[in-house]
Amino acid sequence: GAVVSQHPSWVICKSGTSVKIECRSLDFQATTMFWYRQFPKQSLMLMATSNEGSKATYEQGVEKDKFLINHASLTLSTLTVTSAHPEDSSFYICSARVKFTLSPTDSRIYNEQFFGPGTRLTVL
Amino acid sequence: LAKTTQPISMDSYEGQEVNITCSHNNIATNDYITWYQQFPSQGPRFIIQGYKTKVTNEVASLFIPADRKSSTLSLPRVSLSDTAVYYCLVGSYSSASKIIFGSGTRLSIRP
Numbered sequence: 005g006a007v008v009s010q011h012p013s014w015v016i017c018k019s020g021t022s023v024k025i026e027c028r029s030l031d032f033q034a035t036t037m038f039w040y041r042q043f044p045k046q047s048l049m050l051m052a053t054s055n056e057g058s059k060a061t062y063e064q065g066v067e068k069d070k071f072l073i074n075h076a077s078l079t080l081s082t083l084t085v086t087s088a089h090p091e092d093s094s095f096y097i098c099s100a101r102v103k104f105t106l107s108p109t110d111s112r113i114y115n116e117q118f119f120g121p122g123t124r125l126t127v128l
Numbered sequence: 013l014a015k016t017t018q019p020i021s022m023d024s025y026e027g028q029e030v031n032i033t034c035s036h037n038n039i040a041t042n043d044y045i046t047w048y049q050q051f052p053s054q055g056p057r058f059i060i061q062g063y064k065t066k067v068t069n070e071v072a073s074l075f076i077p078a079d080r081k082s083s084t085l086s087l088p089r090v091s092l093s094d095t096a097v098y099y100c101l102v103g104s105y106s107s108a109s110k111i112i113f114g115s116g117t118r119l120s121i122r123p
């Protein structure tokens, strides 16, 4: 299957600093990537949809000035947590969407998302 | 987006078959069902996807009844390494589709 990488895998920073997380699709191009955050023992929460060459679409309640998303190429999206605070400590996961059809006789477009391994952010 | 409901947790033993059922009463005609597996501190991993009836791959089977208001993920002969959280998701064939995660089912396998 398609591979999505994230860098760094973990980061510890001081309160007030900014942290950038990279999400790369290694063997395919992704016009759309997604960013999620996950707190311990909880499900993934969608933060934003990142579209190549255009502005990201943020979910309700997610501060766009706090979580800057850039999708400058078909294989790279970045999430920058600006002025991070301890409450931003979480597990951040990206995914890249691939669209495909199963057969010439089936016109439906399937969407499959491939997830990165996640980035553990700890803000002291 | 159709909301999904799954059991919060399930327990089973090695070698058993495990069936996790998910309800999605508001599933639309253009929606399909996907199951993901997640281990602690890792990203979700795709397991299986289907639209109706039965789908089988090398790791699981997915049963979807005719009304498509529910689906069942079947894991044959589970092992300790199948201990994970399993998410049932409903996606759309629309190009604007995005995946919203429900609470998932925490599956614990005992020796």
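So the sequences go chain by chain: A and B.
This note's numbering applies: residue 5 is where the first sequence begins, and numbers increase by one.
This note's numbering applies: residue 13 is where the second sequence begins, and numbers increase by one.
Cβ coordinates follow ideal geometry from the N, Cα and C atoms, glycine included.
Within the continuous beta strand (DSSP E) that includes residue i, where are the two ends?
i                      : result
residue 116 of chain A : 114 to 119
residue 54 of chain B  : Careful: residue 54 of chain B lies outside any beta strand (DSSP E) and carries neither H nor E.
residue 10 of chain A  : 8 to 11
residue 23 of chain B  : 21 to 25
residue 101 of chain A : 94 to 104
residue 43 of chain A  : Careful: residue 43 of chain A lies outside any beta strand (DSSP E) and carries neither H nor E.
Is any beta-carbon of chain B found at less than 7 Å from that of residue i?
i                     : result
residue 48 of chain A : yes
residue 97 of chain A : yes
Note down, in chain order, every chain A residue with its Cβ under 9 Å from the Cβ of residue i.
i                     : result
residue 44 of chain B : 112, 114, 115
Just how far apart, CA to CA, sit residue i and residue j?
i                      : j                      : result
residue 80 of chain B  : residue 45 of chain B  : 9 Å
residue 101 of chain B : residue 61 of chain B  : 9 Å
residue 116 of chain A : residue 103 of chain A : 6 Å
residue 49 of chain B  : residue 57 of chain B  : 5 Å
residue 13 of chain A  : residue 122 of chain A : 6 Å
residue 110 of chain A : residue 21 of chain A  : 50 Å
residue 77 of chain A  : residue 16 of chain B  : 33 Å
residue 79 of chain A  : residue 85 of chain A  : 20 Å
residue 31 of chain B  : residue 113 of chain A : 28 Å
residue 87 of chain A  : residue 55 of chain B  : 25 Å
residue 29 of chain B  : residue 76 of chain B  : 17 Å
residue 124 of chain A : residue 94 of chain A  : 6 Å
residue 92 of chain A  : residue 64 of chain A  : 17 Å
residue 42 of chain B  : residue 108 of chain A : 18 Å
residue 18 of chain A  : residue 126 of chain A : 9 Å
Is residue i near residue j, with beta carbons less than 7 Å apart?
i                      : j                      : result
residue 97 of chain A  : residue 40 of chain A  : yes
residue 59 of chain B  : residue 47 of chain B  : yes
residue 53 of chain A  : residue 110 of chain B : yes
residue 46 of chain A  : residue 27 of chain A  : no
residue 91 of chain B  : residue 26 of chain B  : yes
residue 71 of chain A  : residue 99 of chain A  : no
residue 118 of chain B : residue 35 of chain B  : no
residue 83 of chain A  : residue 25 of chain A  : yes
Are the C-beta of residue i and some C-beta of chain A separated by less than 7 Å?
i                     : result
residue 21 of chain B : no
residue 56 of chain B : yes
residue 62 of chain B : no
Starting from residue i, find everything on chain A with Cβ-Cβ shorter than 7 Å and list it in chain order.
i                      : result
residue 113 of chain B : 47, 48
residue 134 of chain B : Residue 134 of chain B lies beyond the residue range present for chain B, which begins at 13 and ends at 123; the question has no answer from this structure.
residue 116 of chain B : 47
residue 103 of chain B : 115
Kindly list, in the order they appear in chain B, the residues whose Cβ is closer than 8 Å to that of residue i.
i                      : result
residue 120 of chain A : 55
Residue i versus chain B: which residues are under 9 Å apart at the beta carbon?
i                      : result
residue 124 of chain A : 53
Quick check on residue i - is its C-beta less than 7 Å from some C-beta in chain E?
i                      : result
residue 109 of chain A : Among the protein chains in the structure shown, which are A and B, there is no chain E.
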